[in-house]
Every structure is written in structure tokens, then in C-alpha cells.
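Residue numbers (our numbering), protein chains in the order written: chain Y, 10 to 302; chain H, 109 to 348. Glycine included, C-beta positions come from ideal geometry on N, C-alpha and C. Nothing here was measured: the structure is a model prediction, and the numbers come from that model. These notes are about the structure you will find just below.
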Ligand SMILES: Nc1ncnc2c1ncn2[C@@H]1O[C@H](COP(=O)(O)OP(=O)(O)OP(=O)(O)O)[C@@H](O)[C@H]1O
Ligand SMILES: [Mg+2]
């Protein structure tokens, strides 16, 4: 085993893991407040990748800068969708909500197929092929930029959740919606904003996905599988857990690629996931749901 | 009257009425203890008052206006604080963050800081344990955090649902003493208490609830001496 190659794969694994964490963060946030898995989350990310690709091709807008445009648009659309559609399904019927998000994923996929054909795309900028060497470790520039953007956005999300009134209200609603209401939190309103925030995080993931990976309308099925695995490993609803699990996925993939083979990369992660779930069914950072008295 | 309830009926989902015409009123400064057997509807009554459960019929007048059917967050902002049965801290948040949630509805930052200090003076535990996760505290400590959180907005009416349930005697006495102290500071209290002897001994007024209605109301001490109450509740609670 070549130590240089191992070092290389660890660096790449961490950089990719950061991007996975960003992509999964919205899924975790939405699950936290609604107790519903948004199956359309990856389709939203791919949608954002397409829009970023369009903005680059037509206006020459850098994909990293397109994040600034796409996040607010997705936030508003997400919040509106939650308020107008999902809220009416009335938190009780979770199955129905999952089905609606499943249907929405298919609609997005169809829309992308008809607008942009179903062939592979990628966002190729002037610096897409640049790379540099630190201590003999080869680092593609886009990976570093994407990871930097992902970590900055995750940091911002963390600050919002831990330091602002709205952020605390989102966490309170996640932990105990009834108690949140009893201290004056309008739970429906906070849920809507949290949903919008989750969708905005999906928007941020799109351009990064487009810079690092090829995409086509149906790629979201691959991604939702990966992201769900991350969210489950982290312990449903825990942002810290999501972050750690995403890093593990990134590392497992890269290290398995150089030590075993490319084909083994996903399998290694899923084996790890099963191992963890057998020992700790609630995931790495999950908490047992408290019985209500 | 601060709180006037008339003919209140409520139940869960499509089930039958659990509250079957409750009449109850509390004057400003009252300390009323509600006792009754398991399943009588005591918790349900508190839920209907605080808006967690939507009443089906009847009126709930708070400070002169009918508030039946309002959302719980709006009722809290009007001055009704409810500390529900069981645990209701935000377990993953620190004690300090739990307290901050009590100030969520206060827009003025200076006022919020002032009110947080008052709450902390009542319940020193929120300062002593400020940075611990609330879920890690003992039951008695968590109950105090919940009460501290509930008084940040200086509510006019406090609903407390079996706050001493499952607490060891010392923690239980602390909680009861804190309630008396709050009442002396002018907070009107409606307390549900499993232990009739403690509850009726602490409160000024007692009410007995059975099968979704208020059966009996009287001075706390007098209810303690009532032969029927003695037979039904004090014997039972002594056995518990
Ligand atoms: N969330 C709920 N959904 C459906 N039925 C409920 C619910 N909560 C309580 N009930 C029913 O309502 C009735 C009254 O319950 P409630 O909790 O108000 O009684 P309680 O007087 O507080 O009893 P306890 O002393 O055991 O706390 C019971 O028959 C109970 O089964
Ligand atoms: Mg009860």
C-alpha cells in the first residue's frame, strides 16, 4: 500500500465528505421538524445543478456564485410549497407526505428530462481541470473550492441554529413541538421556515454537485440513496451526526477505491452502516424518542 | 374572574367527550388544586385551557375575553403558561437555552434579559446548571427548569400538571414551595396533584374532578376533612 496514495485518498475523502454533508444537511433539518423523509431532496439538488449549469452557460455566472442566487429562490419556493401543500396534509398522515415528495421527485425528473434531455451534463468552468500539489498530494482545485463552500455554508447554518431565536425555535420544535408551542412558538410557521431552509441547503448542494460530478435527470435516485444512508448513519435528525456520517462516507469511498477497488467503494460504506446499526440502531448521534407521558 | 370556564366539552380525535361540561372559575391570585382519579380528565382540562386540545363546546373566558380554540402559542402570549404532565424540557438543549426559549416571545431584548434574571432568581438551578444538557438533569431539576422557563414572560395563570409525579420527597417539597412562592407573587395557579393530601394542604381551594366534570369544590383544608374525599382520595393516596 502506497502511503502517498493513502494520504491522497484521505484528503479527497474529507473534501468529498464535506460536500456530502452539505447535501444531506437539508434532509436532516426537514426530517427533524416534520419527521418526514423528503424523497425529493436529491431531485431538488439535481434541479439546482441544472439551473447553475444554465446560469453558467447563458450568463457566464460562476457556479459558486450561483449559490447566492439559487438559495433564496429555493428557500421561497420551498417555504411556499410547505405552507400551501404539505401543511394541509396535516402532519398526521406521514405516509401521504412521503408519497407527495416521491411524486414531486418524479415530476422534477421528468421536467429536467424534457427541458435538458436525459444525457450527462457537467459544469465545466475555466478552472475545472486545475489542480495543485501539496507535499506530493494532488488536489483538484474544484474539490477544494466545493469543500470550502460547503463548510462555510454548514458553518453558517450551525450559527443560525445555535445563535438566533429562529434557530433555537427550530431546534426546540425538532425536540418537542408541543413544548415549543407552550412557550409561544408558532410551530407551523417555524416548520415552514425550517423546510424552506432545508430546500435552500439543497439549492446550495446543486452547483457543487455539478462541479464535481456528472449528472442527468435520473441521478437523483443514486444520490437520495447515498444521502439517506448518511442521515440514518448519523442518527435521524442530528446535524452533527450527519456531518460525521458524511465524512465517513467520503473517506470510506476514497480509501476503498485505492485499497480495494472502485467497485467496492459503495459496498464498504454500506457494510459499515449495517455494522453500526446492528450495534446502535439509533445511529451515531441519534437519541431515543422520549415516550410521552 | 381571571378564568371562567362554562360547560366545557372536549375529547380526542373522533372519540367521545372526555370533558363533559366543566364549570370552573379562578379569581386573580387564586391557588386551586384539582384532584381526581386517573382518567378523570384533569390533564385534558389543562390541555383545553392552554390550547393544546381544541374544545368542542363551551366557553373559556380569560381576563374577560373568550379564548376557547385559540392556538397554544397565542394563549401563552396572553399569559397562560402550562407545565404539562411528564417531562417537557428540550432535552438536547442546554439549561440556559431552555430558559431562553421561555423568552422567545419577548421582542424587547432589554426586557427579556431582565425577565430571565427574575426567573433565574426564582430557580437558581438554571444558573448553577446553565451549560448542562437539560435531558441529563434529574426529574426534579428538569421540573424546575420547566417552571423557570414558564415564568419568564410573567404569566398571569399557571397550569401545573402533577409537577411532583415521580420526584423524591425532597425535590417534591422544593417544587411545592416554589409554587407557593410564585402564588405569593401574584401568579394565579391551577395545580393538578395526584397526592391529594399535599395538594389540598398547599392550595387555598380544592376541586374534585370525576368523569369529566367538577364534582366538588371547597376550601382545601375543608375538603381534606370531608368524609367522602377522605374515603375516596386520601385512603387511596396513602396506599400509593
Ligand atoms: N392523547 C390522547 N388521545 C386519546 N385519548 C386520550 C389522550 N389523552 C388522554 N386520553 C384519554 O382521556 C381520558 C382522560 O385522560 P386524562 O389524561 O385527562 O386523565 P387524568 O385525569 O389526567 O389522569 P391521570 O391522573 O392518570 O393523569 C382517559 O380515558 C384517557 O385514556
Ligand atoms: Mg393527567
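Your pair residue 269(H) and residue 151(H) checks out as a contact, with CB atoms roughly 5 Å apart and the cut at 8 Å.
Those residues of the stretch 156-177 of chain Y placed with their C-beta closer than 9 Å to a C-beta in chain H are 171, 174, 177, ordered along the chain. Taking residue 272(H) as the centre and dropping the five residues before and after it, the same chain places the C-beta of 280, 283 closer than 6 Å to its C-beta, in chain order. Residues of the stretch 203-222 of chain H that bring their beta carbon within less than 8 Å of a beta carbon in chain Y comprise 205, 208, 209, 210, 212, 213, in sequence order. Shown here, residue 237(H) sits in coil according to DSSP, grouped into three states, outside any helix or strand. Cα atoms of residue 251(Y) and residue 119(H): separation of roughly 40 Å, rounded to the nearest angstrom. Counting along the chain, the unbroken alpha helix (DSSP H) around residue 174(Y) starts and ends at 174-184. In the same chain as residue 239(H), and ignoring 5 residues on each side of it, the C-beta atoms closer than 6 Å to its own belong to 202, in chain order. Proximity of the beta carbon of residue 318(H) to ligand 2 is not indicated: no heavy atom of the ligand is located closer than 8 Å. Non-local beta-carbon contacts of residue 152(Y) in its own chain, meaning distances under 6 Å to residues more than five positions away in sequence, involve 24 in chain order. A Cβ-Cβ contact shorter than 9 Å links residue 166(Y) with residue 206(Y). For the pair residue 114(H) and residue 131(H), the CB atoms are nearer than the 9 Å cut-off.
For residue 255(Y), the enclosing alpha helix (DSSP H) covers residues 248-268.
Residue 335(H) is outside the set of residues whose beta carbon lies under 9 Å from a beta carbon in chain Y. Short note on residue 130(H): C-beta not closer than 8 Å to any heavy atom of ligand 1.
Between ligand 2 and residue 285(Y), a heavy atom-to-CB distance of less than 8 Å is absent. Interface annotation, residue 238(H): not in contact with chain Y, CB-CB separation never under 9 Å. Those residues whose C-beta sits under 7 Å from the nearest heavy atom of ligand 2 are, from N- to C-terminal order along the chain, 150(H), 151(H), 193(H), 269(H), 270(H), 300(H). Taking a Cβ-Cβ threshold of 7 Å, the residues of chain H close to residue 194(Y) are 181, 212, in chain order. Any Cβ of chain H closer than 9 Å to the Cβ of residue 185(Y) would place that residue at the interface, and such an atom is present. Taking 8 Å as the cut-off, the C-beta of residue 147(Y) does not count as close to any heavy atom of ligand 1. Proximity of the beta carbon of residue 303(H) to ligand 1 is not indicated: no heavy atom of the ligand is located closer than 8 Å. Not a single CB atom of chain H sits nearer than 9 Å to the CB of residue 206(Y).
In the DSSP annotation of this structure, residue 272(Y) is not part of any beta strand (DSSP E), being labelled neither H nor E. At least 9 Å separates the CB of residue 168(H) from every CB of chain Y. Taking residue 139(H) as the centre and dropping the five residues before and after it, the same chain places the C-beta of 291, 297, 311, 312 closer than 6 Å to its C-beta, in chain order. In the DSSP annotation of this structure, the continuous segment of the alpha helix (DSSP H) that includes residue 109(Y) starts and ends at 103-125.
Not one heavy atom of ligand 1 sits closer than 8 Å to the Cβ of residue 163(H). Listed along chain Y are 190, 191, 192, 193, each with a C-beta nearer than 8 Å to that of residue 184(H).
Closer than 9 Å to the CB of residue 203(Y) there is not a single CB belonging to chain H. Distance from the Cα of residue 253(Y) is smallest, within the candidate group 31(Y), 200(Y), 212(Y), 41(Y), for 31(Y).
A check of alpha carbon separations from residue 158(H) across 166(H), 186(H), 141(H) identifies 186(H) as the nearest.
Contact annotation: the stretch 177-186 of chain H touches the stretch 158-168 of chain H, with at least three C-beta pairs closer than 8 Å.
At a cut-off of 9 Å between C-beta atoms, residue 223(Y) does not count as an interface residue with respect to chain H.
Within the chosen limit of 8 Å, ligand 1 does not reach the beta carbon of residue 159(H) with any heavy atom. Residue state for residue 118(H) is assigned as strand, using DSSP reduced to three classes.
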